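Under mature numbering (1 follows the signal peptide of the UniProt record, and there is no 0), the letters of the sequence shown match residues -17 to -1, 1 to 267, in that order.
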Amino acid sequence: MYSKIAVLAALVAFAEARFGQEGTVQGVISALGNFGNAGEAATLAGASPGVLLGGANACAKLELADQIVATLGNDPEVIAAAAALVAAEKNFNPFAAAIPTICSDASLPATPELRGIVPLVDPAVGGSDVENANSATSLANPFNADGLSQADVAIANGFSNFTLQGSDGSTAAPAGGNAGGNAGGNAGNGNNNAGNGNNAGNGNNAGNGGAAATATAGCGAVRTLTTVVAAPTQDTGNNNNAGNGNNNNNGNNNNGNGKNGNGKNGNGKNGNGNGNGNGNGNGN
């Protein structure tokens, strides 16, 4: 029982530490009281916790960073405070989401000195070691961000375990991972379709014009009846043995020599077995 309570208390303390870290950035901005008009730094500092909350838009902190520079000037100390906000970790509720959001608006931040900086992420997120190291590096030496959003810069430098979020609130997954999955899926489907094509049109033995001669013994005479079986024409498929006119029209009956019993025209072209073998056998 006591061990469970201790674990729960540790989790609560950790959550409070993670969700309370926005206060650090707030203090840095508050220290800019010597810049701009009286009270402006305090007002900007007061807005900073809100843009780092889990429910805030990921682009909001970049807009606020631009506002800090526009309001207080571009003194290195002001730039450093604004950059700290750009790089700050944005909270997210792990019970509602498994990964953080990063701004996908390529126009933000608009301040040149703030571009190319990537944010810190929760250490519990996969790949956070790479991203957090990149964040520290980018504060000193920003990455190339020409035409790129903060999300694009993060992806370009090896971190993509997050959700992209635009200024309008729209979200999407990083393009790289989805593209690979779709390509693999489509390739697999193509192979299946190709395999199905192998079964198309096996018209074996189609159109065997088998002209079977039937000899009927009569009183004093033998009549040969020819039954013609014509199979349907099949244009599609591998017509193996197609149109084999089986000239079974030999009118040589034991009860008489049926002359002219050769089943001519037994060539089953295109599967039409025209067995016109008329056995005119006069059995004398």
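Think of the CB as a built atom: it goes at the ideal place given N, C-alpha and C, for glycine as much as any other residue.
Small disclaimer: the values here were computed from a predicted structure and weren't measured.
Query: How would you label Ser90, buried or exposed, when you count the other beta carbons within 10 angstroms and need 16 or more for buried?; Result: exposed
Query: Touch check for the region 103 to 110 and the region 42 to 57: three-plus C-beta pairs under 8 Å?; Result: no
Query: Below 8 Å, can you find three or more Cβ-Cβ pairs linking the region 71 to 90 to the region 146 to 157?; Result: yes
Query: Could you name each continuous beta strand (DSSP E) segment of 3 residues or more that falls completely within the region 86 to 158, going from the start of the chain to the end?; Result: 146 to 148
Query: Examine the Cβ distances between the region 5 to 17 and the region 25 to 37 and report whether three or more of them are shorter than 8 Å.; Result: yes
Query: To which residues of the same chain is Asn84 closer than 6 Å at the C-beta, ignoring the five residues directly before and after it?; Result: Before going further, note that residue 84 is Thr rather than Asn in the sequence given. The answer, listed in chain order, is Ala41, Thr146 and Gln148.
Query: Report the rounded CA-to-CA distance for Ala119 versus Leu68, giving the unit in angstroms.; Result: 13 Å
Query: Which partner residues of Thr84 appear in the DSSP bridge assignment?; Result: Thr146
Query: Assign Ala30 to one of three DSSP states: helix, strand, or coil.; Result: helix
Query: So Val97 packs on Ala66, CB below 8 Å; how close in whole Å?; Result: A small fix is needed here, since residue 97 is Leu in this sequence, not Val. Contact holds; Cβ gap of about 6 Å.
Query: In this structure, how does DSSP classify Gly10 when only helix, strand and coil are distinguished?; Result: helix
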